Amino acid sequence: MAMPYSFKSALQSLCREKWINILSIFTVASSLLIVTLTVFFLYNVELVTSHLPERFSMMIYLKDNLPREDTQNVINMLQKRADVSKVRYISKSDALKELKQTLKDTNYILEGLDDNPLASSIELRLKKDFVTGATAARIAEEVKKIPGIDSVFYGEKIAEAIHLLKRSVENISLIIFLTISLGVIFVTYSTVKILFYRKNEEIEILKLLGATGSFIRMPFLIEGGIIGLMGGALGIVGAFIFYIAVTYRLSMVIPVLKTLVFPLEILIALPVIGIILGIIGSAIAIGRLRL
Amino acid sequence: MIAFQNVSKYYDLHTVLRNINITIQKGEMAFLTGPSGAGKSTLLRLMYMAELADEGNIIIEDLDLASLKMSRIPFLRRSIGVVFQDFKLIKNLNVFNNVALALRIRGVVEREARNLTSEALKKVNLRHLADSYPQSLSGGEQQRVAIARAIVADPLVILADEPTGNLDPGTALDIIKLFRDLNLQGTTVLIATHNRELFRGTGKRVFKLDGGTLSGEEVG
Ligand SMILES: Nc1ncnc2c1ncn2[C@@H]1O[C@H](COP(=O)(O)OP(=O)(O)OP(=O)(O)O)[C@@H](O)[C@H]1O
Ligand SMILES: [Mg+2]
Chain A
37 MAMPYSFKSA LQSLCREKWI NILSIFTVAS SLLIVTLTVF FLYNVELVTS
87 HLPERFSMMI YLKDNLPRED TQNVINMLQK RADVSKVRYI SKSDALKELK
137 QTLKDTNYIL EGLDDNPLAS SIELRLKKDF VTGATAARIA EEVKKIPGID
187 SVFYGEKIAE AIHLLKRSVE NISLIIFLTI SLGVIFVTYS TVKILFYRKN
237 EEIEILKLLG ATGSFIRMPF LIEGGIIGLM GGALGIVGAF IFYIAVTYRL
287 SMVIPVLKTL VFPLEILIAL PVIGIILGII GSAIAIGRLR L
Chain B
801 MIAFQNVSKY YDLHTVLRNI NITIQKGEMA FLTGPSGAGK STLLRLMYMA
851 ELADEGNIII EDLDLASLKM SRIPFLRRSI GVVFQDFKLI KNLNVFNNVA
901 LALRIRGVVE REARNLTSEA LKKVNLRHLA DSYPQSLSGG EQQRVAIARA
951 IVADPLVILA DEPTGNLDPG TALDIIKLFR DLNLQGTTVL IATHNRELFR
1001 GTGKRVFKLD GGTLSGEEVG
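Chains A and B are the protein sequences, given in the same order.
Anchor point for the first sequence: position 237 equals 273 in the working numbering, and the numbering is continuous, going up by one each time.
Anchor point for the second sequence: position 55 equals 855 in the working numbering, and the numbering is continuous, going up by one each time.
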C-alpha cells in the first residue's frame, strides 16, 4: 500500500479544493463544539445528581419488643441483599436520643414519659442504580415480608424524580450527540462526494491502470479524516474560548457558575471523534467501487 | 500468451466484433490493422476488461477472463501495459507523476519508483519535460508520456492502441524500435495501427480486421 502517495494525493486535493474543504472544516468544528457543550452540560448535571441517590433512604420499623436475635436476623437478611448499600440499626433509645437532640430546647415535651414510645428502626440506603420509583417499591414490598418488620417508609416521589431527571438528561444528551454525529458524517459525506465526482475521470484512469479499490479509496478516506481532524482542532479552540468565558468572565458576574466543572478530557476526544466521523462520511460517499 | 476463442462483442444490435480467433504466443510481437471503426480498440479493450466479451473466451497469460473474479481484475490490468488511443493522462499530475503512478499502483517503493520513472522517460526522450503538466504538452509528447507509463512497470504484455498516431515518421520508428527491444527481452507486444509503415519489413504477424471480422493475416 502506497501510504505516502495516498497522503500526498489527499493533501493535494485538500489544497486544490480549498474553499469546499474550509467550509466543511468550519461546519464540522461548530458541530463538534455543540457536542462539547452538550457533554459539558451533561457532565455537570451528572455531577450534581450523582449524589442524590446516596441521600435517598428507606426507613424500616421493627415490631415492638423484637428479641435481639430476631433483630440481628433482620439486619443480616437486609445486608445480604444485592441492592442494599448500607444498613444502619437505630435502637429505641438511640431514636429517643436523636429525637431529643432534634427538639433541643423544646424537649420538655418528652418529660413525663416513663415509657419510650418510639420503635426500633433500620435505615436502609440503596445502591445508586436501584433508586427508581419502581425498584424502590419492589424492594420495600420484599422487605416487608421479612418476619419482624412492622412497616416500611420511603419517599416514592423522590426516588422517581431523581431517576427521571437523570434519565432525561442522559437521553437528551444522547439524542444531541447522535444528531450532531450524523450531521458531521453528512458534511464530510457531501464534501467527499463532490471531490469524488470531480475526480471521476482520474478514478476511471486509475481503475484501468490496475489500481485496487483500497488504493483508490485511501486518499479520500485520508481527506475525510483530515477534515474531521481539523474540524476537531478548531472545535477545541472554540471550546477553549467557551471555557475561559464561563470560568473567568461570566463567573465573576454569576458566582454560581464557579461551581461548574469543565472536563478537559473531552478536548482530546474532539479530534478523535472528528477523524472517525470524517472517515465514516467519506467511506459512505465512495460506496462500492465498480472496477 | 494471448488467445481469443470465438469472441464476439455487440453494442445493442450493432456487431462490433464477430467470432474472433487469434493466438499470440508468449514473447511474440504482433500487429493489428484495419480501417477506422474496424474494432481494433474494442478488441484491445476486451483484453484489459474495460469491456466484457458477449460470446467466447479470452485468455491472457494464464488468466481465463470469462471466469476471472471481479477482485482479480486489478491484478490482470497490472500485468498489462496499455498505451490508450486517447492517452488517458491525469491532468492534475505532472509528467513524472503520471508515469510513476503505474509503479505506485503496483506498490513499488518510492526510491525505486523514481529511478524506474526516470529511466522510462529517458527511453521516450522526455526527461526534460518531467515537471510539465499534460495540457502544456504537444500531442506527440503526451503520446510518449502514455508510452512511458505503459512500459515503466515492465509488464508481461504491452497493448498499444495507435501509439504513433501523433508522431512524426522518425519518432514513430524510434517508438517501434523501443517496443521491439522490450519484445526481445520477452514482453508480449500487440500494436493496433492503420499505419502500414510501422510493420512493413518487421517480419511480424499482422492481423487484419475489417468490419468486426478477422479478414486475414499477413507477415509484415
Ligand atoms: N461504447 C460504444 N457504444 C457503441 N458503439 C461503440 C462503442 N465503442 C465503439 N463502438 C463502435 O464500435 C465500432 C468499433 O470501434 P473501435 O473504436 O473499436 O474502432 P477502431 O478500429 O479502434 O477505430 P479507430 O481506428 O478509428 O480507432 C465502431 O463502429 C464504433 O462506433
Ligand atoms: Mg481505435
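Built from N, CA and C at the ideal position, the CB exists for glycine as well.
Predicted, not measured: the structure shown is a model, and the values here were computed from it.
C-alpha gap between B/A838 and B/T815, whole angstroms: Residue mapping note: residue 838 of chain B aligns to position 38 of the second sequence, counting from 1. Residue mapping note: residue 815 of chain B aligns to position 15 of the second sequence, counting from 1. The alpha-carbon atoms of B/A838 and B/T815 are separated by roughly 11 angstroms.
Alpha helix (DSSP H) runs wholly inside the region 953-991 of chain B, at least 4 long, in chain order: Entirely contained in the region 953-991 of chain B, the alpha helix (DSSP H) runs reaching 4 residues are, in chain order, 969-984.
Contact between the region 59-67 of chain A and the region 221-228 of chain A (3+ Cβ pairs under 8 angstroms): Yes, the region 59-67 of chain A touches the region 221-228 of chain A.
Just by C-beta distance, which residues in the region 836-850 of chain B are closer than 9 angstroms to chain A? Of all residues in the region 836-850 of chain B, those with a C-beta nearer than 9 angstroms to a C-beta of chain A are Y848, M849 and A850, reading in chain order.
Measuring only from the beta carbon, is B/Y1034 closer than 7 angstroms to any heavy atom that is part of ligand 1? For residue 1034 of chain B there is no data in the structure shown, the boundaries of chain B being 801 and 1020.
Determine, using beta carbons only, whether A/L242 and B/A850 come nearer to each other than 8 angstroms. Looking up residue 242 of chain A in the first sequence gives position 206. Looking up residue 850 of chain B in the second sequence gives position 50. No, the pair does not count as a contact, with Cβ atoms beyond the cut-off.
For B/R980, count the other beta carbons within 10 Å of its own beta carbon; 16 or more makes it buried, fewer makes it exposed. Which is it? What you label residue 980 of chain B is simply residue 180 of the second sequence in a count that begins at 1. Taking all protein chains shown into account, B/R980 has fewer than 16 neighbouring C-beta atoms within 10 Å of its C-beta and is therefore exposed.
Spell out whether any CB of chain B is found under 8 angstroms from the CB atom of A/G246. Taking the first residue of the first sequence as 1, we reach residue 246 of chain A at position 210. Yes, because at least one Cβ of chain B sits closer than 8 angstroms to the Cβ of A/G246.
In whole angstroms, give me the CA-to-CA distance for B/L937 and A/L210. Residue mapping note: residue 937 of chain B aligns to position 137 of the second sequence, counting from 1. Residue mapping note: residue 210 of chain A aligns to position 174 of the first sequence, counting from 1. B/L937 and A/L210: Cα-Cα distance of roughly 57 angstroms.
Does the beta carbon of B/H928 fall short of 7 angstroms from some heavy atom of ligand 1? Working through the second sequence from its first residue, we reach residue 928 of chain B at position 128. Because no heavy atom of ligand 1 lies under 7 angstroms away, the Cβ of B/H928 does not count as near it: no.
Short of 7 angstroms in beta carbon distance, which residues of its chain neighbour A/V167, apart from the five on each side in sequence? Order them along the chain. What you label residue 167 of chain A is simply residue 131 of the first sequence in a count that begins at 1. The beta carbon of A/V167 sits closer than 7 angstroms to the beta carbons of P89, F92, A195, I198 and H199 from its chain, once the five residues preceding and following it are set aside; these are given in chain order.
What three-state label does DSSP hand A/I111 in the structure shown? On the first sequence, position 75 is the one that residue 111 of chain A refers to. The three-state secondary structure of A/I111, taken from DSSP, is helix.
Put B/S871 into one of helix, strand or coil per three-state DSSP. As a position in the second sequence, residue 871 of chain B is number 71, starting the count at 1. Residue state, collapsed to three classes: helix.
Check whether the Cβ of B/Q885 lies closer than 7 angstroms to any heavy atom of ligand 1, and answer yes or no. Numbered from 1 along the second sequence, position 85 holds the residue referred to as residue 885 of chain B. At a cut-off of 7 angstroms, the beta-carbon of B/Q885 counts as near ligand 1: some heavy atom of the ligand is closer than that.
Going along chain B, which residues have a C-beta under 9 angstroms from A/I241? To locate residue 241 of chain A, count along the first sequence from 1; it is residue 205. Neighbours of A/I241 on chain B, chain order: F884, K888, L889, I890 and L901.
Among residues of its own chain, excluding the 5 on either side of B/T1002, which ones have a beta-carbon nearer than 7 angstroms to its beta-carbon? Here residue 1002 of chain B corresponds to residue number 202 of the second sequence, with the count starting at 1. Sequence-distant Cβ neighbours of B/T1002 in its own chain, meaning closer than 7 angstroms and more than five residues away, are G1020.
CB contact below 8 angstroms: B/E910 versus chain A: Start at 1 with the first residue of the second sequence, and residue 910 of chain B comes out as number 110. At least one beta carbon of chain A lies nearer than 8 angstroms to the beta carbon of B/E910.
Start and end of the beta strand (DSSP E) containing B/M829? Taking the second sequence and counting its residues from 1, one reaches residue 829 of chain B at position 29. Start and end: M829 to T833.
Is A/V81 helix, strand or coil when you go by DSSP? Position 45 of the first sequence holds residue 81 of chain A. The three-state reading of DSSP puts A/V81 in helix, counting H, G and I together.
Under 7 angstroms, CB to CB, which of the residues in the region 253-271 of chain A have a partner in chain B? So nothing in the stretch comes that close.
Local conformation of B/S1015 per DSSP, three classes: Counted from its first residue, the second sequence places residue 1015 of chain B at position 215. Three-state result, B/S1015: strand.
My output table needs one value for A/S318: the three-state DSSP class, helix, strand or coil. Stepping through the first sequence from its first residue, residue 318 of chain A is reached at position 282. The answer is helix: DSSP assigns A/S318 an H, G or I state.
Taking the beta strand (DSSP E) that A/L162 belongs to, which residues open and close that run? The residue you call residue 162 of chain A lines up with position 126 of the first sequence. Unbroken beta strand (DSSP E) run through A/L162: S157 to L162.
Check distances from the C-beta atoms of the region 925-952 of chain B to those of chain A and list, in chain order, the residues that come in under 7 angstroms. Within the region 925-952 of chain B, no residue has a Cβ lying closer than 7 angstroms to any Cβ of chain A.
May I ask you to report which of helix, strand or coil DSSP gives B/G879? Numbered from 1 along the second sequence, position 79 holds the residue referred to as residue 879 of chain B. This sequence places Ser at residue 879 of chain B; Gly is not what is there. Three-state result, B/S879: coil.
Can you name the residues that DSSP bridges to A/Y190? Locating residue 190 of chain A in the first sequence gives position 154, counting from the first residue. The partner list for A/Y190 (beta bridge, DSSP) reads A/M94.
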